[in-house]
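Take a look at the structure below.
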Amino acid sequence: MVVQSLDDVVHQQLMVSATAEKSSESKIAVTANGGNGAKSAEKKLRELSEEGSTMPPRRSSARIQALQKAEEELLARKRAEGVEEKDNCNDEVKAGKAKKRNRKSSSDGEESVVVEVEVVSPPMKKRVAYRKGKVVDGVNGNVKVGEVNGKEGLENAGGGLGEKSDLLKVKETIRLFNKYYLHLVQEEEKRCGKAEAERKAAKKASKSKKGAPPEESKTTAKRPDLKAVSKMMENNEILYPEKRIGNIPGIDVGYQFYSRAEMVAVGFHSHWLNGIDYMGQSYAKAYSYELPVAVAIVISGMYEDDLDNAEDVVYTGQGGHNLTGDKRQFRDQKLERGNLALKNCSEQCVPVRVIRGHESSSSYTGKVYTYDGLYKVVNYWAGKGISGFTVYKFRLRRLEGQPTLTTNQVYFTYGRVPQSLTEIQGLVCEDITGGQEDMPIPATNLVDDPPVPPTDFTYCKSLKVAKNVKLPMNATGCKCEGICNDPTTCACALRNGSDFPYVSRDGGRLIEAKDVVFECGPKCGCGPGCVNRTSQRGLRYRLEVFRTAKKGWAVRSWDFIPSGAPVCEYTGILARAEDMDSVLENNYIFEIDCLQTIKGLGGRERRSQDGDIPANLLDKYHDQCSESVPEFCIDAGSTGNIARFINHCCEPNLFVQCVLSTHDDLRLARIMLFAADNIPPLQELTYDYGYVLDSVLDSDGKIKQMPCYCGASVCRKRLF
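Under UniProt numbering, the first residue of the sequence shown is numbered 1, with each subsequent residue one higher.
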């Protein structure tokens with residue numbers, strides 16, 4: 001049989017889609033916009049991610065007054081152009097914490113050499129950064145349309161002000177799945193902890209009494225990933241609930257899933273166990289094919305008769321397989337269900353999505369699944385398998401005109417992780433930390449000639465304190481012993497809303513972003529292994545600083561980082577924000593606005609509800625209710641850690657989280673960076689600096705601009 005070209009297949013699907021759209025009775029979504037369920041899911045996700053965008057009032061300092069003057073001039077221009085200001089704008093640019101630094105850039109308009117695809121992080125804090133003594137605000141990471149200067153500003157903002165990209169919809173759906181997943185992991189950990197406590201109690205009771213020990217009750221292990229998918233189905237939050245032929249919007253060749261459940265959540269493959277996903281007779285009104293037809297298959301080595309040669313695949317049909325995992329056939333297969341669907345694909349030239357699964361010790365599920373593109377079922381036959389039973393086999397061939405195949409016993413698409421220093425290309429420094437961290441952080445430079453390492457800073461693992469700042473040590477501790485495991489009695493858990501903010505899985509993961517996380521501290525009875533000390537354990541992943549062509553230095557990980565995992569703390573010199581007024585060209589100032597965010601001052605979007613934060617911690621700040629500008633900041637200009645090298649992205653894969661442990665002063669919270677998504681090895685780590693366009697002024701009060709080279713699908717094209 002002759003293999004159709006990709007263009008022919010796409011044309012064929014467009015004709016089928018057009019036919020289906022004419023059917024008024026059809027409930028199946030075959031257009032690019034998806035069905036009603038997808039729209040509902042998008043609406044829910046949009047409601048979860050939208051944030052306020054009101055500019056906060058300023059205190060009367062020289063730098064604030066300069067910005068106010070510029071804002072007034074900008075407002076006058078907008079009024080003259082007939083631009084209407086609105087308090088709550090629906091077309092917002094998603095952004096996050098603001099942090100600035102000098103980046104060597106050119107004005108030739110070329111795209112960055114390092115182009116990553118990230119997802120917008122959880123709602124972030126307001127961030128104030130400095131440039132030539134002027135204040136730049138990232139109000140909840142949002143930019144109002146009215147804050148962009150006229151038509152030119154809207155054009156410069158790029159895709160950030162338009163409709164969400166398909167990729168972003170996919171990423172936000174996976175983030176929603178991860179949120180449900182971690183909540184359910186926490187429930188499962190509680191169940192297991194309770195069962196273990198009951199088992200120990202029963203064993204202890206049996207020793208005090210003569211006789212045989214009581215039988216241990218068998219409890220079925222729960223699957224948090226499957227429960228998360230079920231919850232999304234119940235809430236109509238599956239991105240593409242109806243099955244589709246061909247590619248899925250937002251999922252390109254090389255996209256990786258970290259569980260079968262993630263595929264179900266997006267609608268890429270509708271079953272977490274079956275290898276063949278197909279359309280049944282319920283799709284007869286939407287498609288003119290003879291049904292069933294297959295839409296996707298997963299190749300993961302579960303059948304003993306599979307043969308995978310990358311471009312050509314011999315795929316064993318479904319049925320008669322021992323599900324215990326020994327890959328043996330124990331009965332004949334029949335030409336029905338998925339097998340019949342693949343046979344119909346062969347006869348009708350219907351393309352099939354192929355996903356390959358590989359074992360991966362660095363993935364939190366133990367496997368990674370890579371989309372390898374569309375394949376055509378060339379032919380099929382029945383024969384005796386290795387175990388002597390009849391099996392159906394299908395030969396699939398990859399369609400031409402698609403991106404280069406990425407999975408041929410390769411786990412990740414971003415390159416090969418070095419196994420030793422000798423394998424690192426462009427090495428300019430073996431360890432920028434000078435041995436301060438538990439693991440070295442090398443620096444590489446393949447851009448400059450001659451290559452140079454990072455200079456003009458001193459690495460510091462922990463936060464330093466300025467002479468005129470005094471850290472309080474007034475935190476009260478819990479009375480737990482060993483580790484904290486009962487949120488109803490742990491004082492620290494009660495301050496987090498009567499539950500622990502972390503789960504133990506994968507070394508500790510934050511379930512969701514919060515206004516502030518209260519961790520156990522030096523006055524607590526628990527030890528360093530307590531789950532509520534997750535962010536205090538230092539670096540857990542092998543990081544690398546590398547040089548880029550237009551963005552200066554950047555950071556990437558050699559290890560897989562699961563969503564919610566702590567990446568690093570932002571360290572430097574803890575100082576008073578007012579002391580930074582006279583500092584010029586220091587773009588590493590990170591202001592701590594934990595208190596302002598909790599109070600919702602200046603239009604900041606709160607993460608917590610009223611009552612979530614202990615009242616006794618907020619009462620002492622009542623006299624500062626009108627103060628929307630943070631009092632303290634972290635200066636990483638001359639001294640800092642790995643966080644100072646992390647770049648901006650309009651679709652970041654990290655988010656900022658305030659943490660308290662050694663004291664209760666919200667104004668002096670620690671700043672942590674957590675993974676917003678499952679991050680594969682060698683993907684650049686980024687968070688959103690949250691600049692408001694046209695808000696950076698030079699010493700003469702004139703607006704400065706800098707292009708953004710993050711390469712994100714919704715890049716605003718300008719950093720500020």
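Just so you know, even glycine gets a beta-carbon here, dropped at the ideal spot from N, CA and C.
Practice item. Return yes when the Cβ of P566 is within less than 9 Å of the Cβ of L673, no when it is not. Key: Along the sequence shown, one-based indexing puts residue 673 at 673. Along the sequence shown, one-based indexing puts residue 566 at 566. With a cutoff of 9 Å on beta-carbon distance, L673 and P566 are scored as near each other.
Check your understanding: Near Y364, which residues of its chain fall below 7 Å by C-beta distance, leaving aside the five closest residues on each side in sequence?
Key -> Counting from one through the sequence shown, the residue named residue 364 turns up at place 364. Closer than 7 Å at Cβ, skipping near neighbours: Y258, D506, P562.
Review point. Can you round the beta-carbon distance between N653 and L685 to whole angstroms, since I take them to be within the 8 Å contact cut?
Key: The count along the sequence shown starts at 1 and reaches residue 653 at position 653. The count along the sequence shown starts at 1 and reaches residue 685 at position 685. So it is a contact: roughly 7 Å between Cβ atoms.
Review point. Are L539 and D438 closer than 9 Å when you measure CB to CB?
Key: Indexing the sequence shown from 1 puts residue 539 at position 539. Indexing the sequence shown from 1 puts residue 438 at position 438. Closer than 9 Å, so yes.
Review point. Helix, strand or coil: which one does DSSP assign to V492?
Key: What you label residue 492 is simply residue 492 of the sequence shown in a count that begins at 1. Per the sequence presented here, residue 492 reads as Cys, with Val not at that position. It is helical.
Check your understanding: In terms of alpha-carbon separation, which member of L421, K704, L666, K551 lies closest to G711?
Key -> The sequence position of residue 711 within the sequence shown is 711, counting from 1. Answer by Cα proximity: K551.
Point to revise | Segment limits, alpha helix (DSSP H) that includes N344 | key: Within the sequence shown, residue 344 is the residue found at index 344, counting from 1. Where N344 is concerned, the enclosing alpha helix (DSSP H) stretches over 337–348.
Exercise for review: For the segment 191–210 and the segment 511–530, state whether three or more C-beta atom pairs, one from each stretch, are separated by less than 8 Å.
Suggested key: Touching, no.
Practice item. For my contact list, G317 and K393 are in at a C-beta cut-off of 8 Å; report their separation, rounded to the angstrom. Key: In the sequence shown, the residue the question calls residue 317 occupies position 317. In the sequence shown, the residue the question calls residue 393 occupies position 393. The Cβ separation is near 7 Å, so the contact holds.
Point to revise | Residue nearest to G338 in terms of C-alpha spacing, selected from S346, V293, A382, F330 | key: Position 338 of the sequence shown, counting from 1, holds the residue named residue 338. Of the candidates S346, V293, A382, F330, the one whose C-alpha sits nearest the C-alpha of G338 is V293.
Point to revise | Whole runs of the alpha helix (DSSP H) within the UniProt domain "SET" (541–690), excluding any shorter than 4 residues | key: Entirely contained in the UniProt domain "SET" (541–690), the alpha helix (DSSP H) runs reaching 4 residues are, in chain order, 594–599, 615–619.
Review point. If we call anything under 9 Å between Cβ atoms a contact, is P454 one with F645?
Key: Within the sequence shown, residue 454 is the residue found at index 454, counting from 1. Within the sequence shown, residue 645 is the residue found at index 645, counting from 1. F645 is positioned such that its CB atom lies closer than 9 Å to that of P454.
Practice item. Determine the direct distance from the alpha carbon of G246 to that of G373, and round the result to whole angstroms. Key: Your numbering for residue 373 matches position 373 in the sequence shown. Your numbering for residue 246 matches position 246 in the sequence shown. Those two C-alpha atoms are separated by around 9 Å.
Practice item. Could you tell me whether the Cβ atoms of P249 and V170 are closer together than 9 Å? Key: If you number the sequence shown from 1, residue 249 lands on position 249. If you number the sequence shown from 1, residue 170 lands on position 170. Yes.
**Study point:** Local Cβ density within 10 Å of A466, reported as buried at 16 or more and exposed below that
**Key:** Counting from 1 along the sequence shown, the entry for residue 466 is found at position 466. By the neighbour-count definition (other C-beta atoms within 10 Å, threshold 16), A466 is an exposed residue.
Check your understanding: Given C649, which residues of its chain have a CB within under 6 Å of its CB, disregarding the five upstream and five downstream residues?
Key -> Your numbering for residue 649 matches position 649 in the sequence shown. E118, T686, C710, A712.
Practice item. Give the single residue among C490, F546, R542 whose Cα lies nearest to the Cα of E519. Key: Working through the sequence shown from its first residue, we reach residue 519 at position 519. When only C-alpha atoms are compared, the closest one is C490.
Review point. With a CB to CB cut of under 7 Å and the five nearest residues on each side skipped, what residues in its chain are close to Q705?
Key: Position 705 of the sequence shown holds residue 705. Same-chain partners within the cutoff: R718, F720.
Review point. Nearest-angstrom Cα distance between T173 and G357?
Key: Taking the sequence shown and counting its residues from 1, the one referred to as residue 173 is at position 173. Taking the sequence shown and counting its residues from 1, the one referred to as residue 357 is at position 357. Rounded to whole angstroms, T173 to G357 spans 21 Å at the Cα level.
Practice item. Run the CB neighbour count on S206, radius 10 Å, all protein chains shown included, and call it buried at 16 or more, exposed below. Key: As a working mapping, residue 206 is identified with position 206 in the sequence shown. Around the beta carbon of S206, fewer than 16 other beta carbons lie within 10 angstroms, which makes this residue exposed.
Exercise for review: Evaluate G280 with the Cβ neighbour count: other Cβ atoms within 10 Å of its Cβ, from every protein chain shown; 16 or more gives buried, anything less gives exposed.
Suggested key: One-based indexing of the sequence shown puts residue 280 at position 280. By the 10 Å Cβ count, G280 comes out exposed.
**Study point:** E237 classed as buried or exposed, judged by whether at least 16 other C-beta atoms fall within 10 angstroms
**Key:** As a working note, residue 237 is residue 237 in the sequence shown. So E237 counts as buried.
Review point. Between I28 and Y255, what straight-line distance do the alpha-carbon atoms span, to the nearest angstrom?
Key: If you number the sequence shown from 1, residue 28 lands on position 28. If you number the sequence shown from 1, residue 255 lands on position 255. Caution is warranted here: a pLDDT of 32 is assigned to I28, below 50, making its placement in the model unreliable, and the coordinate value is therefore given only provisionally. Going by the C-alpha atoms only, they are around 25 Å apart.
**Study point:** Nonlocal neighbours in the same chain, by C-beta distance under 7 Å from K343, ignoring five residues either side
**Key:** On the sequence shown, residue 343 is found 343 positions in, with the first residue counted as 1. The answer, listed in chain order, is L335, Y380.
Review point. L396 lies in the beta strand (DSSP E); which residues open and close that run?
Key: Locating residue 396 in the sequence shown gives position 396, where the first residue counts as 1. Residues 390–398.
Practice item. Go ahead and label G434 buried or exposed: buried means 16 or more other beta carbons lie within 10 angstroms of its beta carbon, across all protein chains shown. Key: Residue numbering aside, residue 434 sits at position 434 when the sequence shown is read from its first letter. Exposed is the call here.
Point to revise | Three-state secondary structure assigned by DSSP to R716 | key: Here residue 716 is taken as the residue at index 716 of the sequence shown, counted from 1. In this structure, R716 counts as coil in the three-state DSSP scheme.
Check your understanding: Can you tell me whether DSSP reads C524 as helix, strand or coil?
Key -> Counted from its first residue, the sequence shown places residue 524 at position 524. Reduced to three states, the DSSP call for C524 is coil.
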